[in-house]
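Notes for the one structure printed next.
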Amino acid sequence: MKWLPKNLSLLILLAIIIAGGISYVAQPLVHASPNANSVIINVFTILTGFLFAIMALFANVEYDSSVNWRQLEVQESINQSRFDKLHFLFYLYLAVLIFVFMAVLLKDNKQYQNSLFLVCLEYFYLWLTSFSLMMSISLPSKLNTFRKNKFNEAIKDKRPQP
1 MKWLPKNLSL LILLAIIIAG GISYVAQPLV HASPNANSVI INVFTILTGF
51 LFAIMALFAN VEYDSSVNWR QLEVQESINQ SRFDKLHFLF YLYLAVLIFV
101 FMAVLLKDNK QYQNSLFLVC LEYFYLWLTS FSLMMSISLP SKLNTFRKNK
151 FNEAIKDKRP QP
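Numbering (the UniProt record's numbering), first residue to last: 1 to 162.
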């Protein structure tokens, strides 16, 4: 994704602001819809399962034993960085599910149906939903890069040298 800025902090700040705008616009619509929470729960349950499978894929990392210890440490730090990002996304997805579940419970209780607490909870989980989806945008690209790197490692010793 060459069009993305190199500064990750700027991207995260932009995602936070955009997620706030989405949350602000979507909250009244979600509050009025009886099915919106179910859709969010279904989508994030599927995403959580998918991400768990990806984490299992990344956890099965083979190290090149032909390199020296410094190169192995570099490989490990790269793999740990990837895994940390996936962990973060996984916990974001779980947080979305937890907060939506709380909102569903409160919405079913007549005492809290139109309370300020429920409205704030809806704003928050919609922000969290939007933010986590934006953080997931680069996941397919990361998977493709991971696949290419694994292929290049597998073929590097077998390729004829010029």
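Note that CB positions come from ideal geometry on N, CA and C, so glycine has one too.
The C-alpha of Y93 is placed about 7 Å away from the C-alpha of L47. Under the criterion of beta carbons closer than 8 Å, F58 and R82 qualify as touching, at roughly 6 Å.
DSSP, reduced to helix, strand and coil, places V67 outside both helices and strands of the structure shown, so it counts as coil. By the Cβ-count criterion, T129 is buried, with 16 or more other Cβ atoms from all chains shown falling within 10 Å of its own Cβ. Close CB contacts of F99 within its chain, under the 6 Å cut and outside five residues either way in sequence, are with Y125 (chain order).
The C-beta of W69 has fewer than 16 other C-beta atoms within 10 Å across all chains shown, which makes the residue exposed. Minimum Cα-Cα distance from F44 among the listed residues S9, I78, L97, N60 corresponds to L97. Here F52 is exposed, its C-beta having fewer than 16 other C-beta atoms within 10 Å. Between the C-alpha atoms of L13 and E62 there is a straight-line separation of about 35 Å.
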